[in-house]
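S.K.: This structure is in structure tokens; I'll ask about it shortly.
2 protein chains.
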Amino acid sequence: MNNRPLPDGLSEADLLGGLARMAEVVGKKWVILEPEAGLTAYYDTQSTLPISASMPSGAVAPANTDELQKVVKIANEIGIPLWTISCGKNIGYGGPAPRKPGTLVLDLKRMNRILEVNVESAYVVVEPGVSYLQLYEHLQKNNIPLWIDCAAPAWGSVLGNAMERGGGYTPYGDHWMMQCGLEVVLADGTLFRTGMGAMENSNTWNLFKYGYGPYIDGIFTQSNFGIATKMGVWLMPEPPGVKPYMITFPREEDLHQIIEIMRPLKVPGVMQNAAVLSNLIWEGAISTTRDRYYRGDGPMPESARQKMAADLELGAWNMTSSLYGPPAVIDTLWQVIEESFSQVKGARIYLADDRAGDPGWEYRKKLMRGQPNMTEFSLLNWTGGGHVDFSPVAPMTGDEAMNLFNICQSNAHEFGFDYVAEFFGGWRQMVQVFMLLFDPEDADQRERANQLFSVLIREAAANGYGEYRTNLSFMDEVAATYDFNDGALWKVHQKIKRALDPKGILAPGKQGIWPL
Amino acid sequence: MNNRPLPDGLSEADLLGGLARMAEVVGKKWVILEPEAGLTAYYDTQSTLPISASMPSGAVAPANTDELQKVVKIANEIGIPLWTISCGKNIGYGGPAPRKPGTLVLDLKRMNRILEVNVESAYVVVEPGVSYLQLYEHLQKNNIPLWIDCAAPAWGSVLGNAMERGGGYTPYGDHWMMQCGLEVVLADGTLFRTGMGAMENSNTWNLFKYGYGPYIDGIFTQSNFGIATKMGVWLMPEPPGVKPYMITFPREEDLHQIIEIMRPLKVPGVMQNAAVLSNLIWEGAISTTRDRYYRGDGPMPESARQKMAADLELGAWNMTSSLYGPPAVIDTLWQVIEESFSQVKGARIYLADDRAGDPGWEYRKKLMRGQPNMTEFSLLNWTGGGHVDFSPVAPMTGDEAMNLFNICQSNAHEFGFDYVAEFFGGWRQMVQVFMLLFDPEDADQRERANQLFSVLIREAAANGYGEYRTNLSFMDEVAATYDFNDGALWKVHQKIKRALDPKGILAPGKQGIWPL
């Protein structure tokens, strides 16, 4: 117990005193203090930094909102900082671990009720601990003709991912856009509901997002201003038809043409869901191992990559997307899409029944139907399980795509890493997720990965690209790139933080927002 | 000058001293103090209350953001409350007038630059004073193939309407959803940008809504936390085809069946834009006058309404909507829509070329193509120009629609007024706008209208319906209906208000948020 990191300004006795009071609320079993008792589940083992850099002092897991409020009040009284997690699967961005060592993890996994399923208006209300898989299975079991939209890992929290503004693979892939209605607990234990839910007997809490007066839901995302305890989530009615497709493009430089073709199809919605453009190694790593093609140090050489592409029938870029709707609508849109991307020399088109036995195409098809799975985790076997995601946003143009790609791949190679990435074509922007994979047991790799990430943040910012989300270790650095008018926006965040959480107990350091 | 209402706690000398300093910033011409000099333009002449209830002490109109910041700083120093307007056309909800007499109107009409038009990514950046008509004409003149989405009045502010979370008639009708990027000035003059604009050299400010960290744009809507000075607005690329349609339904009780048909078409997007269901008098008042059908007091009797419906080929309900996209997609969706609504007995379908010379259908078609016009103002001639809008939100079900309709029409009739209303079918909710029209010169009508409005707020709330927006005179009453957990959400609003505007100089009372 002597190695326990403590929150700033708290003695171990203060902390343990508070935890004892919390145990009276949640039961002893749900205050976790020792590694042997399960505290290791709250470590970030994939980080570029050692586990100690984000090691919690303990974890507490309330069973319901009432217990949660009591726990928060105790923490607020004593000054114990809390790091809220839902299912704790914020993989690549820190997982379940807190920003600062010694922070107590507030684990909401036990609050996992599906509170409402409204079939006719196509929404659910969930607690933080409800995972994609749980929700999916609930709908399946009850033959409810609604689709969820999931992030890649099935075990992720529906609410938690939306609060981090994550994305998915159906037309409902903008998870924050599909959120409708929040219940929030503040640092002092106050509970309130947003939007129409602010009316006691409202019948539209989960039907109309904005309510009356300031629309404040968004301030609780990627933030530490409050704790979301319930969320309304819109679901997509099962469409009358689906047509998933994959198109491979042979050359890295095709990226320019692909994106120029994509933009005028994405903006008016001819392409209805995220157009995911994964590079060769990403797609290949789902079905093969690095060793088969290269056993040396440093990035996999071009020759090995070409061999892999040929073996696996993959391109330098591989686009997966899907059409949804009445078959006649799908046919019309497909004609445009097929014709457009066929202009890229060497493009190869695969439909649903093609590529039999390719686990990459199988999991893509599942994600685009909102069927949660764990296939994407195969990627972690590529190098040994270390993994941080670099996720800058860029305009959806060929020039910007090539520029961002070049910055990331050339730096990755220079620092000795493979470039493993996806471009997500959004409505008007694209996000590039560079999965920086490394061996966490290798201190040198870890250090290089850590340096590379900082270089990428700086070079991206110099080119006008900002990250939409980032790993714990880089939250301050990324925040510092948001520098308009001397960081004026973060000063506004700090004012709101002080107003809603004056003692600064909620998630200190989250997204670069610290207590003052 | 002796009748000038003064802000609380300020002497006329304090106020005039501040205004003199503001005149040094903006020029004497742009500090308006006397009715004869144009102050009457800031009165709300359509209210149920006398003009004195919302009479400003004066108005000041800066030419640019720099002048605006200086004006705000002076106001903050002296304690002069400011009521910000963009084009001042918030008609039915208070127009340009402040919530509290004596507040100084901060008129941003001179800040009317279209700062950027991005054709390939389909957005514009505008200042507050840019009207729908101005933006439309700019795009037309330059042959830019982008459509705007306008509120009914052409003179409204693109930015201002979005900040009030107003709606329009194309698939981009949720104006707040189509906003991307804000610049805001706080009460102390601080300027910041939201989302990606918080990065100095960002290239995605108007492409990606959320940025990094808390997503705070929404707190500046329907609020008094800051002043929006620039906004990115997504525009719809001109579609390859458009098919507007109008369907009339003969009986009031058809509303139930119509809404039950509408919901499963709206939720999956078969109906792509707002399904506007206007009642007989709304649609009829566009092309005729009340006198032609009824000259008595009180609501127009059933017999007169039936005569009007027959003469004008209108139904008790009249739905206008449109399809957009490739012709083959339109054809497919139209088959479903035509077949579905034809199930309502007596439904009559009109397409674009039908109803030649009907100004009602003409203006509806224009709105659904984003062509600003002023036709809807014909409605104000119905009774003499008094007008407040009652706008509750309800679930999109037949039962709820009939219940809300009955509450509004029966109370309107009981208080002696016509029921003039539209239901807007949204994505999962519907909003009913009851235009309460009265003669503002008639003190008795005014008083009855005022009483009716309060009755409606109470009865709606008792049935679970809350207003999404309301007239100045009823902002506190509506806020009080948002009563969950003892009004906890408004207490949060007050905390944020205090943090961002500690002296409470911005728009006191807006949406029921007052300085403390």
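First to last, the protein sequences are chains E and P. Counting from 1381, one number per residue, gives the positions in the first sequence under my numbering. Counting from 1381, one number per residue, gives the positions in the second sequence under my numbering. All C-beta atoms in this analysis are idealised placements derived from N, C-alpha and C, irrespective of residue type, glycine included.
Since L1747/P and A1502/P are thought to touch, with beta carbons under 8 Å apart, how far apart are those beta carbons, to the nearest angstrom?
M.R.: Residue mapping note: residue 1747/P aligns to position 367 of the second sequence, counting from 1. Residue mapping note: residue 1502/P aligns to position 122 of the second sequence, counting from 1. Contact doesn't hold; Cβ gap of about 20 Å is too wide.
S.K.: Quick one: is A1608/E near chain P, going by C-beta distance under 9 Å?
M.R.: For the purposes of this step, residue 1608/E is identified with residue 228 of the first sequence, where counting begins at 1. Answer no: the Cβ-Cβ gap between A1608/E and chain P never drops below 9 Å.
S.K.: Considering only residues of the same chain and omitting the five flanking positions on each side of R1573/E, which have a CB-CB separation below 6 Å?
M.R.: For the purposes of this step, residue 1573/E is taken as residue 193 along the first sequence, with counting starting at 1. Excluding positions up to five away in sequence, the list reads E1563.
S.K.: In whole angstroms, what separates the C-alpha of Q1809/P from that of R1828/E?
M.R.: Here residue 1809/P refers to the residue found at position 429 when the second sequence is read from its first residue. Here residue 1828/E refers to the residue found at position 448 when the first sequence is read from its first residue. Each residue's Cα considered, the two are about 52 Å apart.
S.K.: Leaving out five residues on either side along the sequence, give the residues of the same chain with a beta carbon under 6 Å from the beta carbon of E1633/P.
M.R.: Locating residue 1633/P in the second sequence gives position 253, counting from the first residue. Contacts found: none.
S.K.: Can you look up D1554/P in the DSSP assignment and give me helix, strand or coil?
M.R.: The residue you call residue 1554/P lines up with position 174 of the second sequence. D1554/P: strand per DSSP, three-state reduction.
S.K.: In the DSSP output, what is D1487/P paired with across the bridge?
M.R.: Mapped onto the second sequence, residue 1487/P falls at position 107. I1465/P.
S.K.: Could you spell out where the alpha helix (DSSP H) holding W1585/P opens and where it closes?
M.R.: Reading the second sequence from its first residue, position 205 is the one you call residue 1585/P. Unbroken run through W1585/P: none, as it is neither H nor E.
S.K.: Can you tell me whether DSSP reads W1741/E as helix, strand or coil?
M.R.: Position 361 of the first sequence holds residue 1741/E. In the structure shown, W1741/E sits in a helix (DSSP, three-state: H, G or I).
S.K.: How is Y1516/P classed by DSSP in three states: helix, strand or coil?
M.R.: Numbered from 1 along the second sequence, position 136 holds the residue referred to as residue 1516/P. Helix, per DSSP.
S.K.: Could you round the C-beta distance between Q1602/P and Q1831/P to whole angstroms and report it? I think they count as a contact, below 8 Å.
M.R.: Here residue 1602/P corresponds to residue number 222 of the second sequence, with the count starting at 1. Here residue 1831/P corresponds to residue number 451 of the second sequence, with the count starting at 1. Actually they are not in contact, since the Cβ atoms of Q1602/P and Q1831/P sit about 25 Å apart, beyond 8 Å.
S.K.: So which residues of chain P does H1636/E contact, with C-beta pairs closer than 8 Å?
M.R.: As a position in the first sequence, residue 1636/E is number 256, starting the count at 1. What H1636/E touches in chain P: nothing, since even the nearest Cβ is about 14 Å away.
S.K.: Which residues bound the alpha helix (DSSP H) around L1816/P?
M.R.: Within the second sequence, the letter at position 436 stands for residue 1816/P. No alpha helix (DSSP H) contains L1816/P, which is instead part of the beta strand (DSSP E) from 1809–1818.
S.K.: Less than 8 Å between the CB atoms is what I'm expecting for I1596/E and T1464/E, so what's the real figure, rounded?
M.R.: As a first step, residue 1596/E must be located in the first sequence, where it is residue number 216. As a first step, residue 1464/E must be located in the first sequence, where it is residue number 84. Their Cβ separation, rounded to whole angstroms, is 18 Å, which puts I1596/E and T1464/E out of contact at 8 Å.
S.K.: Taking 6 Å as the limit between beta carbons, can you name the residues of its chain near M1381/P, skipping five residues before and five after?
M.R.: Taking the first residue of the second sequence as position 1, residue 1381/P is located at position 1. Residue confidence for M1381/P is low, a pLDDT of 46 falling below 50, so the modelled location carries little weight; the figure read from the coordinates is stated next. Here the set comprises nothing.
S.K.: Under 6 Å Cβ to Cβ from A1567/P, same chain only, skipping five residues before and after it: list those, please.
M.R.: As a position in the second sequence, residue 1567/P is number 187, starting the count at 1. Answer for A1567/P: N1456, D1881, I1885, L1886, listed in chain order.
S.K.: Using a Cβ distance threshold of 8 Å, determine whether the segment 1764–1772 of chain E contacts the segment 1832–1843 of chain E, with at least three qualifying pairs required.
M.R.: Yes, the segment 1764–1772 of chain E touches the segment 1832–1843 of chain E.
S.K.: Starting from I1717/P, find everything on chain E with Cβ-Cβ shorter than 9 Å and list it in chain order.
M.R.: Residue numbering aside, residue 1717/P sits at position 337 when the second sequence is read from its first letter. Within 9 Å Cβ-Cβ: nothing; I1717/P doesn't reach chain E, min ~12 Å.
S.K.: Quick one, which residues of the segment 1563–1582 of chain E are near chain P if we go by CB-CB under 7 Å, in chain order?
M.R.: Cβ contacts with chain P: T1570, L1571, F1572, R1573, T1574, M1576, G1577, A1578, M1579, E1580, N1581, S1582.
S.K.: Relative to chain E, which residues along the segment 1866–1888 of chain P have a C-beta separation below 7 Å, given in chain order?
M.R.: Cβ contacts with chain E: A1868, L1869, V1872, H1873, K1875, I1876, R1878, A1879, L1880.
S.K.: Closer than 8 Å by beta-carbon distance: list the chain P residues that pair up with V1858/E, in chain order.
M.R.: Looking up residue 1858/E in the first sequence gives position 478. The contacting residues are Y1592.
S.K.: Thinking just about the alpha-carbon of each residue, which of C1467/P, G1750/P, G1474/P is nearest to the one in G1509/P?
M.R.: Residue 1509/P sits at position 129 when you count from the first residue of the second sequence. The candidate whose alpha carbon is nearest that of G1509/P is C1467/P.
S.K.: I need the boundaries of the beta strand (DSSP E) containing P1888/E, first residue and last residue.
M.R.: What you label residue 1888/E is simply residue 508 of the first sequence in a count that begins at 1. Neither: P1888/E is in no beta strand (DSSP E) and is coded neither H nor E.
S.K.: Going by DSSP in three states, N1753/P sits in which element: helix, strand or coil?
M.R.: Residue numbering aside, residue 1753/P sits at position 373 when the second sequence is read from its first letter. Strand.
S.K.: Could you tell me whether the segment 1785–1805 of chain E touches the segment 1648–1663 of chain E, using the rule of 3 or more Cβ pairs below 8 Å?
M.R.: The segment 1785–1805 of chain E, when compared against the segment 1648–1663 of chain E, does touch it at the 8 Å Cβ threshold.
S.K.: Give the interface partners of L1587/E over in chain P, defined as CB-CB distance under 7 Å, in chain order.
M.R.: Looking up residue 1587/E in the first sequence gives position 207. Per Cβ cutoff of 7 Å: P1775, R1808, Q1809.
S.K.: Output the boundary residues of the alpha helix (DSSP H) element that contains T1712/P.
M.R.: In the second sequence, residue 1712/P corresponds to position 332, counting from 1. Counting along the chain, the alpha helix (DSSP H) containing T1712/P begins and ends at 1707–1721.
S.K.: Please check the pair C1560/E and N1583/E, which I expect to be a contact at CB under 8 Å, by giving their CB distance rounded to whole angstroms.
M.R.: Along the first sequence, read from residue 1 onward, the residue named residue 1560/E stands at position 180. Along the first sequence, read from residue 1 onward, the residue named residue 1583/E stands at position 203. Incorrect: roughly 13 Å between the Cβ atoms, too far for contact.
S.K.: Tell me, please, whether the CB atom of P1895/P is closer than 9 Å to any CB atom in chain E?
M.R.: As a first step, residue 1895/P is located in the second sequence; it is residue number 515 there, counting from the start. Output row for P1895/P: interface = no.
S.K.: CB W1527/E to CB M1651/E, shorter than 9 Å?
M.R.: Locating residue 1527/E in the first sequence gives position 147, where the first residue counts as 1. Locating residue 1651/E in the first sequence gives position 271, where the first residue counts as 1. Not a contact, by the Cβ cut-off of 9 Å.
S.K.: So, at 7 Å on beta carbons, what are the nonlocal neighbours of R1878/E in its own chain, with the 5 sequence-adjacent residues on each side left out?
M.R.: Position 498 of the first sequence, counted from the start, is the residue given in the question as residue 1878/E. Here the set comprises L1896.
S.K.: Please report the straight-line C-alpha distance between Q1812/E and G1805/E, rounded to a whole angstrom.
M.R.: In the first sequence, residue 1812/E corresponds to position 432, counting from 1. In the first sequence, residue 1805/E corresponds to position 425, counting from 1. Distance between the alpha carbons of Q1812/E and G1805/E: 9 Å.
S.K.: Please list, in chain order, all residues of the same chain as S1391/E whose beta carbon is under 8 Å from its beta carbon, the five residues on each side excluded.
M.R.: For the purposes of this step, residue 1391/E is taken as residue 11 along the first sequence, with counting starting at 1. Excluding residues within five positions, none has a Cβ falling inside 8 Å.
S.K.: Would S1683/P be called buried (16 or more neighbouring beta carbons within 10 Å of its own) or exposed?
M.R.: For the purposes of this step, residue 1683/P is identified with residue 303 of the second sequence, where counting begins at 1. Result: exposed.
S.K.: Chain P beta carbons: is any one of them nearer than 9 Å to that of M1381/E?
M.R.: Taking the first sequence and counting its residues from 1, the one referred to as residue 1381/E is at position 1. Because the pLDDT of M1381/E is 46, which lies under 50, any placement of that residue in the model is unreliable, and the number read from its coordinates should be weighed accordingly. By this cut-off, M1381/E is not an interface position.
S.K.: Any beta-carbon of chain E closer than 9 Å to the one on S1702/P?
M.R.: Reading the second sequence from its first residue, position 322 is the one you call residue 1702/P. Output row for S1702/P: interface = no.
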